[in-house]
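One structure is given below, encoded as structure tokens.
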Amino acid sequence: MEAHYAFLVEARLTPVDPGLTIDSPVVERRCLLAAAEPGDQGWRLFRDLLWRGELGDERHARALIAEKLGQPVEAVEFRAFYADEPYLEALKSAIRDDLESFKADDVTEVLSKYFGSSLEVGVDPMGGPDGSGNSGTD
Numbered sequence: 541m542e543a544h545y546a547f548l549v550e551a552r553l554t555p556v557d558p559g560l561t562i563d564s565p566v567v568e569r570r571c572l573l574a575a576a577e578p579g580d581q582g583w584r585l586f587r588d589l590l591w592r593g594e595l596g597d598e599r600h601a602r603a604l605i606a607e608k609l610g611q612p613v614e615a616v617e618f619r620a621f622y623a624d625e626p627y628l629e630a631l632k633s634a635i636r637d638d639l640e641s642f643k644a645d646d647v648t649e650v651l652s653k654y655f656g657s658s659l660e661v662g663v664d665p666m667g668g669p670d671g672s673g674n675s676g677t678d
């Protein structure tokens, strides 16, 4: 059972040696943040980060990713939430058990309110059948 938040992150490479110059110091990379298992501490992160599949508060997301990355982040965009079937079922169950805190009538409403159309089920977040990013057709 696993799930990941996928972000596009912009960070600036800042050399500590003034003699080093970097051509195009801003780098853009896709980052995956493992989602906590439903019911565990931090499992409601989507509620704090997302609204209709977009970042609700980019400053908060930048601070979170910067903390995890260990360096400042200039920009962050939410791209998708990847989950396998067992994770999605556990997530639905945890939401169902806590519907009142989401101020929603049902699980579908909660998923729609926070994830919008960004929920990707059964898709490898690394883009390949083995997680390598290779499609296997090379």
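In terms of my numbering, the numbers along the sequence shown are unbroken and rise by one, the last being 678.
We put the CB at the ideal spot given by N, CA and C, even for glycine.
Note that the structure is predicted; figures quoted are calculated from it, not measured.
Practice item. Under the assumption that Arg-552 contacts Glu-614 (Cβ atoms under 8 Å), give the Cβ distance between them as a whole number of angstroms. Key: With a beta-carbon spacing of about 6 Å, Arg-552 and Glu-614 fall inside the 8 Å limit used to define contacts.
Practice item. Specify, as a first and last residue, the run of the beta strand (DSSP E) that Arg-619 falls within. Key: 615–623
Check your understanding: Among Pro-612, Trp-583, Asp-638 and Glu-598, which has the Cα closest to the Cα of Thr-554?
Key -> Pro-612
Exercise for review: Give a yes or no on contact between the segment 617–625 and the segment 544–551, applying the rule of three or more CB pairs nearer than 8 Å.
Suggested key: Short answer: they touch.
Exercise for review: Examine the Cβ distances between the segment 571–582 and the segment 654–664 and report whether three or more of them are shorter than 8 Å.
Suggested key: no
Practice item. Kindly provide the ranges of any beta strand (DSSP E) runs that are 3 or more residues long and lie completely inside the segment 580–650, ordered along the chain. Key: For the segment 580–650, whole beta strand (DSSP E) runs of length 3 or above, ordered along the chain, are 615–623.
Exercise for review: Less than 8 Å between the CB atoms is what I'm expecting for Met-541 and Ala-630, so what's the real figure, rounded?
Suggested key: 6 Å
Point to revise | Check whether Leu-651 and Lys-608 have beta carbons under 8 Å apart | key: Their beta carbons are not under 8 Å apart, which means Leu-651 does not touch Lys-608 by this criterion.
Check your understanding: Hey, would you say Leu-595 sits closer than 8 Å to Phe-655, going by beta carbons?
Key -> no
Practice item. Check whether the Cβ atoms of Ser-657 and Gly-593 lie closer than 8 Å to each other. Key: In this structure, Ser-657 places its C-beta atom within 8 Å of the C-beta atom of Gly-593.
Practice item. Label Val-567 either buried or exposed according to how many other C-beta atoms from any shown protein chain fall within 10 Å of its C-beta, with 16 as the threshold for buried. Key: exposed
Check your understanding: From which residue to which residue does the beta strand (DSSP E) around Leu-548 run?
Key -> 543–552
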